[in-house]
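In terms of UniProt numbering, the sequence shown is residues 1 to 268. For glycine and all other residues, C-beta sits at the position ideal for the given N, C-alpha and C.
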Amino acid sequence: MTLPVRPRVIAVANQKGGVGKTTTAINLATALAATGQTTLLVDLDPQGNASTGLGVDPDARRVTTYDVLTRVNTLQEAMHETGIPGLSLAPATMDLLSIDIELSAQSDRARRLADAILAMSQTDACPSYVVIDCPPSLTMLTVNALTAAHAVLAPLQCEFFAMEGLSQLLRTISEVRDSVNPELAIHGIVLTMVDGRNNLSNQVEADVRSTMGDLVYATTIPRNVRLSEAPSYGKPALLYDIKCAGSQAYLRLVSELMDREQRMMGAA
Ligand code: ADP
Ligand code: MG
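This is the structure we're talking about:
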């Protein structure tokens, strides 16, 4: 008997809101699908921005990640088509707001998503990649994502308190490693909303690079209005305007990420 091949699982996480997690998760998942890797984007944010950004309206979110975490449905049952070949979505609704309380008495509460991905890996529906869009908190939803993930991708906005937030995230990653997921890796830190004409942005970038070294991706994502317009059309920026500076940066990021994937999997 061959062991089930688990999908590669990447969590896009940072407990700060508005740093580019959802934009990164959507465009990463789209680019992976475009290169022929079947991909499932799991929306773990009660705000459901990744679901809206992929054009799945609240009315259409029949089975959601809430149903998966509460074990009413399997992850396969939560998979919605996105209209983009190779890309499916497990959508989120506001129901997720109560998950911490609802699961508080369950000893397996941190493992709910990991178990759902494991169950999916034993079926034909299993994709090659799972990308998880985390909420802006370090509560049970993000802990579920970190428990299920092989690696964390952390978008970091180039602003004054960026490093402070990062050290909290690194502490949580190390707690998850010490408890439930010893192999959790850091895929990298992605600097977002970079403005090369702004001194503070340049200074923060230099600080983050000198402190975090190779963990920081060479590719940075510029501040780009096309990236912020795309979700209102229910489309990833890569489909809304592939030529814009933001989309081009995400294509470079994904190519760098795939190089890192090769190295990480070669080392495993
Ligand atoms: P998070 O998921 O971390 O809260 P989002 O990806 O939703 O962050 O981004 C927050 C807001 O900033 C959104 O309105 C988004 O469209 C916009 N945005 C994200 N990245 C960029 C960028 N590089 N340039 C301009 N606007 C961006
Ligand atoms: Mg978000």
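I want to check one thing, is the minimum distance from the CB of residue i to the heavy atoms of the ligand MG below 7 Å?
i: P133; result: Contrary to the premise, residue 133 reads as Asp rather than Pro in this sequence. D133 Cβ: within cutoff of the ligand MG.
i: K16; result: no
i: N49; result: yes
i: T52; result: no
i: T82; result: no
i: V219; result: Checking the displayed sequence, the identity of residue 219 turns out to be Thr instead of Val. Not under cutoff, so the answer is no.
i: K21; result: yes
i: D45; result: yes
Could you tell me which residues DSSP pairs with residue i in its beta bridges?
i: V131; result: I10, L41
i: E81; result: S88
Using a threshold of 7 Å, is the CB atom of residue i nearer than that to any non-hydrogen atom of the ligand ADP?
i: S247; result: no
i: N27; result: no
i: residue 269; result: An answer regarding residue 269 cannot be provided, because it is not within the stretch 1 to 268 covered by the chain.
i: R223; result: yes
i: T192; result: yes
i: P236; result: no
i: P231; result: yes
i: V136; result: The sequence shown places Pro at residue 136, not Val. P136: yes, Cβ under 7 Å from the ligand ADP.
Residue ranges of each alpha helix (DSSP H) within the region 168-251, 4 or longer: The alpha helix (DSSP H) runs of length 4 or more contained entirely in the region 168-251 are, from start to end of the chain, 199-212, 225-229, 237-240.
Beta strand (DSSP E) runs contained entirely in the region 11-67, provided each spans 3 or more residues: Taking only runs of at least 3 residues, the beta strand (DSSP E) segments lying wholly in the region 11-67 are 39-43.
In chain order, each alpha helix (DSSP H) run of at least 4 residues that lies wholly inside the region 88-169: If we require 4 residues or more, the alpha helix (DSSP H) runs fully inside the region 88-169 come out as 99-102, 112-121, 140-148.
Contact between the region 232-240 and the region 202-214 (3+ Cβ pairs under 8 Å): No, the region 232-240 is not in contact with the region 202-214.
Contact between the region 152-168 and the region 186-204 (3+ Cβ pairs under 8 Å): With a cut-off of 8 Å, the region 186-204 and the region 152-168 count as touching, because enough Cβ pairs lie within range.
The region 27-39 in contact with the region 158-176 per 3-pair CB rule at 8 Å: With fewer than three CB-CB distances shorter than 8 Å, the region 27-39 does not count as touching the region 158-176.
Cβ contact (3+ pairs, closer than 8 Å) linking the region 70-84 and the region 114-130: Yes, the region 70-84 is in contact with the region 114-130.
Touch test, the region 206-226 against the region 38-52, Cβ-Cβ under 8 Å, three pairs minimum: In short, these stretches do not touch, since the Cβ pair count stays below three.
contact_flag[the region 6-18, the region 237-252] where n(CB pairs < 8 Å) is 3 or more: Judged by Cβ distances under 8 Å, the region 6-18 makes no contact with the region 237-252, as fewer than three pairs qualify.
Sufficient close CB pairs (3 or more, under 8 Å) joining the region 139-150 to the region 49-63: By the Cβ rule, the region 139-150 does not count as touching the region 49-63, because fewer than three pairs are nearer than 8 Å.
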